[in-house]
Each structure stands twice: as structure tokens, then as C-alpha cells.
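Numbering (the numbering used here), first residue to last: 2 to 151. Written below as C-alpha cells is the structure these notes are about.
Okay, structure coming up:
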């Protein structure tokens, strides 16, 4: 149960970064589905021997290729982690103008692939932690607004 390839693209013509665990030419296979993806949607494709998970925002496409038995939740959790790592390094404006972010993101992509391949169950704890932090922040913001209005 492994992730073999990850790609960040602006569209089918602009591949911003990618990482492969071996020397296979996954980019050709994955690039063929990029034009079919729709903004703000998650989707996956399955063949006899692999799954391809996709997560698209308004401006970016995140895709990973995994073993056939890779869990759906783990695939989407991984893509969310890739998106968050990218957001920490680059602003939306920088991403719109970038032709590549490969050199700046290659280490992060490698580390994330290795992390998820070594412990695919870690995604559940990360998702719960992220959800709790978001709830805490929203609660604090709501409380602040309520107290300010009193």
C-alpha cells in the first residue's frame, strides 16, 4: 500500500512540481487526465493495478498515483497535506505566476510520500488534529465577536 507519484499542476500544460518513488514515467499517464479535472472537486480513477486520486482547487490540481489497495481517505489526506505544504511556501499570487515550484517543493513532496508510505494510518490522526484546531479557532473567533458585541 504505497504512493508512487505525486504531481502539482496549474493545468495540463503547466506542471509545477512532481515526485516519483522510482524511475517510472508516471507523468505521461497522469498528465492525460489533467484536462478532464474540474475545479473544486475530488475524484479518483482506478485501473487494474493502481488508483489515481485528484484534488482540484480553483487554480491548482493535486494528483497522486497509488497502489490499487490504497485507502481513499489516506489518498485525499495525503493530497491535502501536499496542498498545505505548498500554501506554507507560496502565496496564491506566487502560484498564479510560477512556471515551476519543483526545486522548492521537491524535498517536501519526498518527505510526505515517505511519511505516508511508512505509516498510512497517520492520516487519521492528522485529520482529527486539523479538525480540532479549526474548531478551536472558529470557537475563539465566535467567542471574541460575541464578547465584543456585549
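Positions of the beta carbon are idealized from the N, C-alpha and C atoms, including for glycine.
Next on the checklist: Which of the three DSSP states is assigned to residue 64 in this structure?
Outcome noted: Looking up residue 64 in the chain shown gives position 63. Reduced to three states, the DSSP call for residue 64 is strand.
Bridge partners for residue 55 per DSSP, in chain order?
Here residue 55 refers to the residue found at position 54 of the chain shown. In the DSSP output, where bridge partners are listed per residue, residue 55 has 44 and 64.
Subject >> Distance, residue 49 Cα to residue 9 Cα >> reply: Along the chain shown, read from residue 1 onward, the residue named residue 9 stands at position 8. Along the chain shown, read from residue 1 onward, the residue named residue 49 stands at position 48. So the two alpha carbons sit approximately 24 Å from each other.
Inset, instruction - Consult DSSP for residue 4 and reduce its assignment to one of helix, strand or coil. - result: Residue mapping note: residue 4 aligns to position 3 of the chain shown, counting from 1. DSSP places residue 4 in strand when its eight states are reduced to three.
Close-in-space but distant-in-sequence residues of the same chain around residue 22 (CB under 8 Å, 5 per side omitted) | Within the chain shown, residue 22 is the residue found at index 21, counting from 1. Once the five neighbours on either side are set aside, the close Cβ partners of residue 22 are 3, 4, 5, 6, 114 and 118.
| query | According to the Cβ coordinates, are residue 46 and residue 55 closer than 9 Å? | reply | Stepping through the chain shown from its first residue, residue 46 is reached at position 45. Stepping through the chain shown from its first residue, residue 55 is reached at position 54. Yes, they are a contact pair.
**Asked** Taking three-plus beta-carbon pairs below 8 Å as touching, is the stretch 24 to 32 in contact with the stretch 91 to 103?
**Response** no
ask   = What do you get for residue 68, buried or exposed, if any count of 16 or more other CB atoms within 10 angstroms of its CB means buried?
value = Position 67 of the chain shown, counted from the first residue, corresponds to residue 68. Classification for residue 68: exposed.
Inset, instruction - Please state if the CB of residue 62 and the CB of residue 108 are separated by a distance shorter than 9 Å. - result: Your numbering for residue 108 matches position 107 in the chain shown. Your numbering for residue 62 matches position 61 in the chain shown. Cβ distance not < 9 Å, so residue 108 and residue 62 don't count as in contact.
Per DSSP, residue 20 is paired with what? Your numbering for residue 20 matches position 19 in the chain shown. Answer by DSSP bridge pairing, in chain order: 7.
**Prompt:** If you follow the alpha helix (DSSP H) that residue 75 is part of, which residue opens it and which one closes it?
**Reply:** As a working note, residue 75 is residue 74 in the chain shown. Its alpha helix (DSSP H) spans residues 73 to 90.
- DSSP state of residue 113, grouped into three classes? Along the chain shown, read from residue 1 onward, the residue named residue 113 stands at position 112. Helix.
Open item on the list: Taking 8 Å as the cut-off, is the beta-carbon of residue 38 closer than that to any non-hydrogen atom of the ligand COA?
Closed with: Inclusion of the ligand COA in the displayed structure is not the case, the ligand content being empty and no account of it being possible.
For residue 52, the nearest candidate out of 73, 91, 101 and 145 (CA to CA):
Locating residue 52 in the chain shown gives position 51, where the first residue counts as 1. Checking every option, the nearest Cα to that of residue 52 belongs to 73.
Discussion item. Quick test of your reading: residue 18 and residue 110, contact by CB under 8 Å. State the CB separation rounded to the nearest angstrom.
Written reply: Residue numbering aside, residue 18 sits at position 17 when the chain shown is read from its first letter. Residue numbering aside, residue 110 sits at position 109 when the chain shown is read from its first letter. So it is a contact: roughly 6 Å between Cβ atoms.
Taking 9 Å as the cut-off, decide whether the C-beta atoms of residue 102 and residue 91 are in contact. In the chain shown, the residue the question calls residue 102 occupies position 101. In the chain shown, the residue the question calls residue 91 occupies position 90. Yes; because the gap between Cβ atoms is below 9 Å, this pair is in contact.
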